[in-house]
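Trainee: Below you will find the structure I want to go over with you.
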DNA sequence: GCTATAATGCAAATCATTCGCATTTAGTAT
DNA sequence: ATACTAAATGCGAATGATTTGCATTATAGC
Ligand SMILES: [Mn+2]
Ligand SMILES: [Mn+2]
Ligand SMILES: [Zn+2]
Ligand SMILES: [Zn+2]
């Protein structure tokens, strides 16, 4: 995969972002890059394992830099995403299914974040 | 929610299916029901908690009857879905995040199913 | 610098899902 | 049973995210 100016810019935007970003959000930060190019590059990065694609619902997919493996908790009220880690190895052993070789574990929590907890109660 | 003939048919199809089905798969079984109606009814069932909507990728959403809560393992080779249960309560305690109230836990495993395991090796 | 190949821009195409609106139906009250 | 009202349906058109075809341009190696 060639190292182009566009690709560096896209990675930079993701690197400096606390949250996962959609293709259109990235495009908003980099309007000079064609949206189709952003999609193509994101796909390349996902294949290369540089970034992770999150399908958190029927809306746009979100992309984030793949630092260490982690999971997500999403607030039902504000859609805020919290990143957290667990002992993946331990869980993989715990979830062992006969005949199924686990290569990836994904835990998604839904609920209410700190900000909206009190209001909901 | 009214109990219409169409709604009963849709639930019947889901009931008799081992696997989760997409809206178009249901439409293939019930061609006399308009696809838009199928989508509308599936959405109503999800809201009512009768069925569960699975977003397992960028493709079509899948729907399944909500018997007991369970999770899914998807084969990377053939997209076969295996359903399994874990001790949800135990995990919810284990995953406790400060300030986040968990209402739903979702575990998704990716890997290789029994059928494709040998070939891949 | 020259070349082969991959990357990009642009517009058009896809595809799942949703919407608007006229028509029909279920459930309920007469 | 009849009438009435809100919900459900069919149909086609609209949406919105993502992809694709193709001509043009940039990258990496020689
Ligand atoms: Mn994350
Ligand atoms: Mn299932
Ligand atoms: Zn929140
Ligand atoms: Zn398989």
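Residue numbers (the working numbering), protein chains in the order written: chain A, -4 to 116; chain B, -4 to 116.
From the three backbone atoms N, C-alpha and C, an ideal C-beta is built for every residue, glycine too.
Flag this pair as yes or no: are the beta carbons of residue 69/A and residue 110/A separated by less than 8 Å?
Mentor: Result no, Cβ atoms of residue 69/A and residue 110/A do not sit closer than 8 Å.
Trainee: What is the DSSP secondary structure of residue 51/B, counted as helix, strand or coil?
Mentor: Here residue 51/B sits in coil by DSSP.
Trainee: Between the region 83 to 97 of chain A and the region -4 to 16 of chain B, are three or more C-beta pairs nearer than 8 Å?
Mentor: Judged by Cβ distances under 8 Å, the region 83 to 97 of chain A makes no contact with the region -4 to 16 of chain B, as fewer than three pairs qualify.
Trainee: Please name the residue in 57/A, 25/A, 26/A, 72/A whose C-alpha comes closest to that of residue 40/A.
Mentor: Among 57/A, 25/A, 26/A, 72/A, the Cα nearest to that of residue 40/A belongs to 57/A.
Trainee: Show which residues of chain A have a CB atom less than 7 Å away from the CB atom of residue 40/B.
Mentor: Residues of chain A passing the Cβ test: none, with the nearest at roughly 15 Å.
Trainee: Rank 72/B, 30/B, 67/B by C-alpha distance to the C-alpha of residue 81/B and give the top, closest one.
Mentor: Answer by Cα proximity: 67/B.
Trainee: So which of 99/B, 97/B, 76/B has the shortest CA-CA distance to residue 105/B?
Mentor: Taking only the C-alpha atoms, the option nearest residue 105/B is 76/B.
Trainee: Report the residue from 89/B, 1/B, 107/B, 17/B whose alpha carbon sits nearest the alpha carbon of residue 52/B.
Mentor: Nearest C-alpha to residue 52/B: 17/B.
Trainee: If you follow the alpha helix (DSSP H) that residue 89/B is in, where does it begin and where does it stop?
Mentor: Its alpha helix (DSSP H) spans residues 83 to 89.
Trainee: Does any CB atom of chain B fall closer than 8 Å to the CB of residue 47/A?
Mentor: With 8 Å as the cut-off, residue 47/A does not count as an interface residue toward chain B.
Trainee: Using the three-state DSSP reduction, which class does residue 101/A fall into: helix, strand or coil?
Mentor: Strand.
Trainee: Tell me, to the nearest whole angstrom, how far the beta carbon of residue 59/B is from that of residue 20/B; I am working on the premise that it is less than 8 Å.
Mentor: Residue 59/B to residue 20/B, Cβ: 11 Å. No contact.
Trainee: Quick one: grab the DSSP three-state call for residue 6/B.
Mentor: Three-state DSSP puts residue 6/B in a helix.
Trainee: Using a Cβ cut-off of 8 Å (strictly closer), state whether residue 74/A contacts chain B.
Mentor: No, no contact with chain B.
Trainee: When you compare the CB of residue 44/B with every CB in chain A, is at least one pair closer than 8 Å?
Mentor: It does not: the Cβ of residue 44/B has no partner Cβ on chain A nearer than 8 Å.
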